[in-house]
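Chemist:
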Amino acid sequence: MKHRLGLVALLLLVTAPKGLLALNGAQLTGFTAINESLGGSGVALPQDSSTLLVNPAGLSQLPRRVDFNILMAFPKSVMDTSAALAGGGNATTAGGATSNDDPVILPGGSFILPTSLLNDKLSFGMGIIPVAGFSLDYPASRLTSGLTGNIYDTQTYYGVLKVVEGAAYKINDQWSVGLAVHVDHAQFATNSATLALGFPQTTGRDRMDSSFGIGAGAGILYKPFDCLSVGASYTSQQWMQDFKRYADLLPTGGTVNLPQQVNAGVSVSPLKNLWVSTDFRWINWTGAKGAFGTSVAGGGLGWQDQYIALAGVQYQLLDWLTLRGGYNYGRSAIPASSIFASQLASPISEHHVSGGFGLKLNETLRMDFSYLRTLSNTVTDDGTQSAGAAGASTTQSVHQFSSQVGLNF
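Read the sequence shown against the numbering used here and you will find it ends at 735, with the numbers running on by one and no gaps.
#1: Who are the Cβ neighbours of I674 in its own chain at under 7 Å, not counting the five residues just before and after it?
#2: Quick one: give me the first and last residue of the beta strand (DSSP E) that V622 is part of.
#3: Comparing the C-beta of M398 with each C-beta of chain D, is any distance below 8 Å?
#4: Our contact map puts D393 next to Q730 with C-beta atoms below 8 Å; I'd like the distance itself, whole angstroms only.
#5: Taking the straight line between their C-alpha atoms, what separation do you get for W629 and I609?
#6: Provide the residue(s) that pair with Y653 in DSSP beta bridges, ordered along the chain.
#7: With DSSP as the reference, label K496 as helix, strand or coil.
#8: Give the straight-line distance between the Cα atoms of W601 and G451, rounded to the nearest whole angstrom.
#9: Relative to the C-alpha of L443, which candidate in Q711, K496, I431 has its C-alpha closest?
#10: Along the chain, where does the alpha helix (DSSP H) containing D446 start, and where does it finish?
#11: Out of curiosity, what's the CA-to-CA distance linking Q564 and S363?
#12: Answer with buried or exposed for K598, where buried requires no fewer than 16 other C-beta atoms within 10 angstroms of its C-beta.
#13: Decide if W646 is buried, meaning its Cβ has at least 16 other Cβ atoms within 10 Å, or exposed.
#14: Between which two residues does the alpha helix (DSSP H) holding V380 run?
#15: Expressed to the nearest angstrom, what Euclidean distance is found between the alpha-carbon atoms of G485 and A558?
#16: Kindly indicate which three-state DSSP category E491 falls into: helix, strand or coil?
#17: Cutting at 6 Å between CB atoms, please list the residues of its own chain near I396, excluding the five before and the five after it.
#18: Output yes or no for whether 8 Å exceeds the beta carbon distance between Q632 and G656.
#19: Suppose the cutoff is 6 Å on Cβ atoms and the five residues either side in sequence are ignored; what does the same chain contact list for A420 look like?
#20: Taking 8 Å as the limit between beta carbons, can you name the residues of its chain near D552, skipping five residues before and five after?
#21: For R692 and W611, what's the separation of their Cα atoms in angstroms?
#22: Mapping DSSP to helix, strand and coil, what is Q711?
#23: Comparing C-alpha positions only, which one of L575, G591, V380 sits nearest to G624?
#24: Relative to the alpha-carbon of L469, which residue among V724, A493, A718 has its alpha-carbon at the smallest distance?
#25: My assumption, with CB atoms under 8 Å, is that I540 sits in contact with H508. Please give the rounded CB distance.
#26: With a CB to CB cut of under 6 Å and the five nearest residues on each side skipped, what residues in its chain are close to G441?
#27: Considering only residues of the same chain and omitting the five flanking positions on each side of G685, which have a CB-CB separation below 7 Å?
#28: Pick helix, strand or coil for W611, following the three-state DSSP scheme.
#29: Between Q586 and S537, is the Cβ-Cβ spacing less than 8 Å?
#30: Give the list of continuous beta strand (DSSP E) stretches no shorter than 3 residues that lie fully inside the stretch 504-569.
#31: Using CA atoms only, rank isn't needed, just tell me which of G613, S562, K570, S603 is closest to V588.
#32: Less than 6 Å between C-beta atoms, sequence neighbours within five positions excluded: which residues of the same chain meet that for T355?
#33: Can you give me the C-alpha to C-alpha distance between T528 and S375, rounded to a whole angstrom?
#34: Measure the CB-CB distance between F460 and A359 and report whether it falls below 8 Å.
#35: With burial defined as no fewer than 16 other Cβ atoms inside 10 Å of the residue's Cβ, what is the status of A399: buried or exposed?
Written out as structure tokens, the structure is:
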């Protein structure tokens with residue numbers, strides 16, 4: 327057991343984000359190059375083992391395969407609290423402080439295994455996939471340097487690696503259902519100030535803390551015609567252990583649960599070799615126990631629910647070449663009333679535009695590539711939850727690339 331826990335910890339260390347990614351809230355917009363290039367859509371268009379997360383029922387539609395993916399992101403984050411009373415005018419210079427964001431590299435892998443069980447109708451899958459996280463490291467504090475000396479209240483790290491095991495049953499040629507078990511491992515560290523008298527540094531003092539969690543997923547897929555598919559899936563809240571080192575900072579003793587979410591989608595093929603995929607996603611940040619779902623007044627981050635539109639187009643130009651494009655939009659999970667409270671944990675991106683292509687090298691091996699641009703977005707605190715926070719702002723943008731190798735066998 328210790329060896330297994332050590333392996334998970336090592337994988338999380340390898341996949342630790344050192345900056346911001348293309349995110350819906352704290353969650354990745356896509357999990358493989360194919361999925362990312364389609365804007366993260368795919369509830370009704372399963373193509374690779376990312377369907378373990380998007381819609382486990384899709385496992386029944388795919389052959390035996392293994393996928394390896396590497397994501398590389400180049401983020402830029404700027405924080406400015408010079409106009410906020412809480413910033414004291416000198417927390418950051420006018421124009422903002424830029425986070426020391428290194429390029430982010432995240433590997434992941436998964437597989438699908440159809441079986442001869444139940445008359446060839448049962449398929450299994452498993453993946454080790456980074457799903458959420460952010461890391462910010464500013465050269466200056468949010469608060470006036472008279473309090474912090476710019477020594478603390480400057481950085482936060484949070485990362486989640488998920489081990490997913492799923493199964494799908496093909497009821498008939500039209501209907502499939504799927505279930506998945508999610509085992510999560512998260513790490514967290516920050517030197518944030520707390521709300522105690524004098525705004526001292528958290529007792530965690532930027533030491534890495536970790537927790538395990540568990541959740542579940544379920545999905546259904548309906549394909550009445552070869553040119554039309556409809557799908558839906560549900561992922562439960564991920565119930566995490568507390569980050570004990572940060573019990574003085576995080577609400578309910580150090581809890582950071584990931585939220586439940588619902589996905590629904592349609593894919594159509596209006597022309598030969600052309601597929602259009604459209605999804606809708608609801609992420610229930612307000613219902614997540616702990617930091618995300620607790621209000622600023624209650625010691626949390628005060629995030630809001632996201633309603634996300636995802637769309638993708640795929641065209642097989644040649645037998646060996648497939649082209650893709652996608653778009654993903656979701657209002658920032660951090661409302662204007664919570665910007666100052668969330669500036670050390672502030673993925674505020676909204677618009678994501680992506681594109682990519684796939685190369686079929688032979689009947690067994692293919693490679694897929696994607697590029698995603700998270701458009702620059704700025705959100706300014708309106709002071710409704712804390713008058714002293716009014717005027718604090720955050721600006722973020724990301725360039726992100728993914729490469730994927732898929733093996734059918």
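No residue lacks a Cβ here, since even glycine has one placed at the ideal position from N, Cα and C.
Modeler: Reading from the atomic positions:
#1: S658, I660, N703, V705, T720, Q722
#2: No beta strand (DSSP E) holds V622; DSSP gives it neither H nor E.
#3: As a matter of chain content, chain D is missing from the structure shown, which is built from one protein chain.
#4: 6 Å
#5: 11 Å
#6: A637, V679
#7: strand
#8: 24 Å
#9: K496
#10: 443-446
#11: 26 Å
#12: exposed
#13: exposed
#14: 377-380
#15: 27 Å
#16: strand
#17: P433, S729
#18: yes
#19: With a pLDDT of 48 at A420, under the threshold of 50, the modelled position of that residue is not reliable, and the figure given next carries that caveat. Correct list, in chain order: S408.
#20: S595
#21: 37 Å
#22: coil
#23: L575
#24: A718
#25: 7 Å
#26: Strictly speaking, residue 441 in this sequence is Thr, with Gly absent from that position. Answer for T441: L448, listed in chain order.
#27: Reading off the sequence, residue 685 comes out as Leu, not Gly. These residues qualify, in order along the chain: W646, L647, R692, M693.
#28: helix
#29: no
#30: 535-551, 554-561
#31: S562
#32: A348, G366, N654, H678
#33: 40 Å
#34: no
#35: buried
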